[in-house]
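Taking it in order: structure first as structure tokens, then the write-up.
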Amino acid sequence: MSKLWGGRFTKTAEQWVDEFGASIGFDQQLVEEDITGSIAHVTMLAKQHILSEEEAAQIKNGLKTLQKKAAAGELVFSAAQEDIHLNLEKLLIDEIGPVGGKLHTGRSRNDQVATDMHLYLRTQTEEIMEAIRTLQAALVKQAEGHVETLIPGYTHLQRAQPVSFAHHLLAYFWMLERDYGRLQDSLKRVNISPLGAGALAGTTFPIDRAYTAELLHFEGIYENSLDAVSDRDFIVEFLAASATLMMHLSRLCEELILWSAQEFQFIEIDDAFATGSSIMPQKKNPDMAELIRGKTGRVYGSLFSLLTTLKGLPLAYNKDMQEDKEGMFDTVKTVKGSLRIFAGMIETMTVNTDAMAKAVTSDFSNATELADYLATKGMPFREAHEVVGKLVLTAIEKGVYLLDLPIEVYKEASSLFADDIYEVLQPKTVVGRRNSAGGTGFEQVKLALGKANDLLSQSIKG
Ligand code: ARG
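Residue numbering for the sequence shown follows UniProt numbering, beginning at 1 and increasing consecutively.
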């Protein structure tokens, strides 16, 4: 098949070479954005009298026909036309005749592809932000029912201090809030128009870049034509924000997997998000959580792949940059899928409050409380730490917990101990009293839930 750029060539590439160079297999996902960009471009060409109204109208009608056909899945693309841009231009010319060849006046595929990517990522970023909000809402809803449910808090995966389960869930709410913020911030740089930068140097035609930017609802234009066609920072930023988001999801996956294990039994994942084993009838596997944890790796891969692709590229466009797409498309799909599954998994999981209550009463995670008790009564904290450490050792030797030691043992360890320590050592007291800002104390957790709900309702309004 003849090429739209075939003029200076004396022979055509073999089909397998064409196929290697083609991006149509994946960039056809940009069909809608490419047509939208072209409609804005041709509208501007007419306004600037670069094309006649009549020509522009013909081209626009042709593009709208292609738009309908695309929506109906009726467009047939070919690797011989390399990419979505050349395929659509060829289809346009087939549709309306040689006047279709005027569409590309004052434009290059280099500013065209960049425009498509900006339009695409704007929509996708907004949709992902929405999905983050849905997951945050699911976390808040679970948390609301568990302000006073206690769970062991860990450091080094050793029981450290008990915490409110709501507080633990809300930790992820705030991580996701940062993810939301990163994506929101990246939109400032996504929402800039490269259209009109031409191949690299601008154009001799009297185009109006601000006008096409306005038609495409961009907030501004790239200041430098070389930068406009070479910049893929906005995709790097999207991938970096996605990698961080997936890292957060993956950490929660790890906790869900642990918590649903026989050894913990803190939660049960709903049947809808678990699978069985083909051999062991008793198994219920947290597959979805494992998969999301696993998929995190491919998102990191896409980020590194693009950074590596870009690092040695001289200005301006290089064909290497065609490699920016598959990782981005894959990341969009992975992130959206993971967020959706996650919201469902959190909403439907069952919390085993009995197992959690049992866990927080059968450990030494109230030891800090005892040291704080002595410090409050004037003993230097370091000394108090030593006294309590010895008490823990005594309890371990006796095979009991701190609440089981008789008062005489305490009084012998320090005259500052009084009968009220048994109340002080209750897990509910331990958690309830941690009311420093951002702590797990019940008052603080209720405040945090209020703030979280405010954020969610603000963004629904906004
Ligand atoms: N398919 C190309 C890409 O994705 C479009 C831009 C091609 N430009 C060029 N001068 N060959 O990067």
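Virtual Cβ for every residue (Gly too), placed ideally from N, Cα, C.
Is the beta carbon of residue i less than 7 Å from the beta carbon of residue j?
i, j, result
"glutamine 48", "histidine 85", "no"
"alanine 171", "isoleucine 346", "no"
"alanine 413", "leucine 393", "no"
"proline 286", "isoleucine 267", "no"
"valine 431", "proline 162", "yes"
"glutamate 95", "threonine 65", "yes"
"glutamine 29", "phenylalanine 238", "no"
"leucine 150", "valine 351", "no"
"alanine 143", "glycine 153", "no"
"valine 335", "isoleucine 128", "yes"
"threonine 308", "methionine 246", "no"
"aspartate 116", "serine 23", "no"
"lysine 102", "leucine 51", "yes"
"serine 230", "leucine 315", "yes"
"residue 498", "alanine 70", "An answer regarding residue 498 cannot be provided, because it is not within the stretch 1 to 462 covered by the chain."
"leucine 303", "alanine 241", "no"
"arginine 433", "threonine 440", "no"
"methionine 44", "aspartate 208", "yes"
"residue 468", "valine 236", "Missing from the structure shown is residue 468; the chain here goes from 1 to 462 and no further."
"leucine 249", "serine 108", "no"
"asparagine 110", "tyrosine 317", "yes"
Assuming residue i and residue j make a contact with CB atoms under 8 Å, what is their CB distance in whole Å?
i, j, result
"aspartate 324", "arginine 232", "5 Å"
"leucine 425", "leucine 370", "7 Å"
"leucine 62", "leucine 92", "The sequence shown places glycine at residue 62, rather than the leucine named in the question. Between leucine 92 and glycine 62 the Cβ distance is about 5 Å, and since that is below 8 Å, they are a contact."
"phenylalanine 273", "threonine 348", "7 Å"
"glutamate 290", "isoleucine 257", "6 Å"
"threonine 125", "leucine 187", "6 Å"
"leucine 135", "alanine 343", "4 Å"
"glycine 106", "phenylalanine 205", "4 Å"
"serine 164", "phenylalanine 442", "7 Å"
"isoleucine 35", "glutamine 15", "Wrong, their Cβ atoms sit about 27 Å apart, outside the cutoff."
"histidine 41", "threonine 212", "6 Å"
"alanine 418", "valine 388", "Contact doesn't hold; Cβ gap of about 15 Å is too wide."
"isoleucine 59", "valine 99", "7 Å"
"isoleucine 341", "methionine 288", "5 Å"
Around the C-beta of residue i, are 16 or more other C-beta atoms found within 10 angstroms, so that it is buried, or is it exposed?
i, result
"leucine 403", "exposed"
"valine 299", "buried"
"alanine 114", "buried"
"threonine 10", "exposed"
"glycine 37", "buried"
"valine 400", "exposed"
"valine 76", "exposed"
"alanine 57", "exposed"
"arginine 293", "buried"
"arginine 122", "buried"
"leucine 306", "buried"
"glutamine 158", "exposed"
"leucine 313", "exposed"
"leucine 332", "First, the residue type needs correcting, since residue 332 is valine and not leucine in the sequence shown. Counting Cβ neighbours within 10 Å, valine 332 comes out buried, since at least 16 surround it."
"isoleucine 279", "exposed"
"alanine 384", "buried"
Assess, as a yes-or-no matter, whether the region 193 to 203 is touched by the region 224 to 242 under the definition of 3 or more beta carbon pairs within less than 8 Å. Yes, since at least three Cβ pairs between the region 224 to 242 and the region 193 to 203 fall closer than 8 Å, the two stretches touch.
Below 8 Å, how does it come out for the region 450 to 461 and the region 131 to 150: are there three or more Cβ pairs, yes or no? By the Cβ rule, the region 450 to 461 counts as touching the region 131 to 150, because three or more pairs are nearer than 8 Å.
Are three or more beta carbon pairs between the region 169 to 183 and the region 275 to 290 nearer than 8 Å? Short answer: they don't touch.
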